[in-house]
Structures are given as C-alpha cells and as structure tokens.
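J.:
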Amino acid sequence: MRLGRQKRSGLTAIVVEIILIGIVLIASAMLAGFTFGVFSYYVSPAAVTVQGTICSANGNTTTCQLTLTNEGGHNTATTGACYLDGRINISGDVVGGGTVPAGGSLGGVQCVAHGASLQSGSQVSGALPLTNGAILYFIGTLD
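If you're matching positions, the sequence shown starts at 1406 in the working numbering and goes up one per residue.
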C-alpha cells in the first residue's frame, strides 16, 4: 500500500522554515535599527534656542546670562566652553550649565569671559556649543 501524502510533508516543512527565517530576519533588523540608532530620524532631535540674554561687564569680565529652551524630542547638554565677540573674540566658561530637557528649559546658564573690558551699551554676540553638535548663537547689550 502506498500513501501519496508522504511526499508533501517535506514541502510543508521547507515553507514553514522559510517563513520562520523571514520573521527572525525582520525582527533582527528592527532590533538592530533601534539599538544602533538607524531609525533615530523618526524622533525629532533637540531643537534648542536662546530665549533671553542679559549681559553685564565688571572690569575685564563679561557675563551673559542665558535661558535655553528645547522644543525637540531629545535631551541635550551644554559644554564647558562658550565664546563672546565684543570688539575682539574671547573664549569663556559656561557656569550653571547642564542638561536642557526635551520640551523644557534651562535657566541661569552663564557665559563668563575674562580678558576684555567692554563699555556699557556695547553689543556682544556669542556662541554656546551643545553636546549634540549644535551651536547656539545669541546677542546681548551690556547693561
């Protein structure tokens, strides 16, 4: 007696194995994409702006007080350096910096630069680098 059904069982096992391999490949690609940041463009990046700038001078020290606002979807942080440009370019230190939360703000950030005595009423422009590679530009007038 011959059974004709025995020949088909090998074909079913191959089809099931191909489907399982496809599911594993798709799941691996998705996991790798989220782990290594391939799909990070689906989440909005940090979009930080300077909302307020108040600058003051005391001798040869110029201080600009900043309020940073992040309208993006990622946290980012300030670096330890900043740059001011009155009549000459001077580098300074960030005081009171930290993490600017996603959808939030960070106040009390100061760019403090030494080595240039600027007069009251002078316009000062500056740059504040962030850890995500962005550079925030600001303009203030010395009180």
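For every residue, glycine included, the Cβ atom is placed at its ideal position computed from N, Cα and C. This structure is a prediction, so every number in the text was calculated from the model and none was measured.
Once DSSP output is grouped into helix, strand and coil, what is the label at residue 1439?
T.: In the structure shown, residue 1439 sits in a helix (DSSP, three-state: H, G or I).
J.: Tell me which residues share the same chain as residue 1470 and place their Cβ nearer than 6 Å to its Cβ, disregarding the 5 neighbours each side in the sequence.
T.: Once the five neighbours on either side are set aside, the close Cβ partners of residue 1470 are 1459, 1515.
J.: Taking contact to mean 3 or more Cβ pairs, one atom from each stretch, closer than 8 Å, check whether the stretch 1466-1480 and the stretch 1513-1533 are in contact.
T.: Yes, the stretch 1466-1480 is in contact with the stretch 1513-1533.
J.: Looking at the unbroken beta strand (DSSP E) that takes in residue 1461, where does it start and where does it end?
T.: Element bounds for residue 1461: 1453-1463.
J.: Distance check for residue 1522 and residue 1529, CA to CA, integer angstroms please.
T.: So the alpha carbons of these two residues sit roughly 12 Å apart.
J.: For residue 1537, which residues does DSSP report across the bridge?
T.: Residue 1537 is not bridged to any residue.
J.: Under the rule that 16 or more other beta-carbon atoms within 10 Å means buried, what is residue 1505, buried or exposed?
T.: Buried, since its Cβ has 16 or more Cβ neighbours within 10 Å.
J.: Tell me the DSSP secondary structure of residue 1532 in three-state form.
T.: Correct three-state label for residue 1532: strand.
J.: State the Cα-Cα distance for the pair residue 1432 and residue 1418, rounded to the nearest angstrom.
T.: So the alpha carbons of these two residues sit roughly 21 Å apart.
J.: Is residue 1510 helix, strand or coil by DSSP?
T.: Looking at residue 1510 - three-state DSSP - the assignment turns out to be strand.
J.: Check residue 1496 in the structure and name its three-state DSSP category.
T.: Strand at residue 1496.
J.: With a 10 Å radius around its C-beta and 16 neighbouring C-beta atoms as the bar for buried, classify residue 1497 as buried or exposed.
T.: Buried, since its Cβ has 16 or more Cβ neighbours within 10 Å.
J.: Just verifying my parser: in three-state terms, what is the DSSP assignment at residue 1477?
T.: DSSP places residue 1477 in coil when its eight states are reduced to three.
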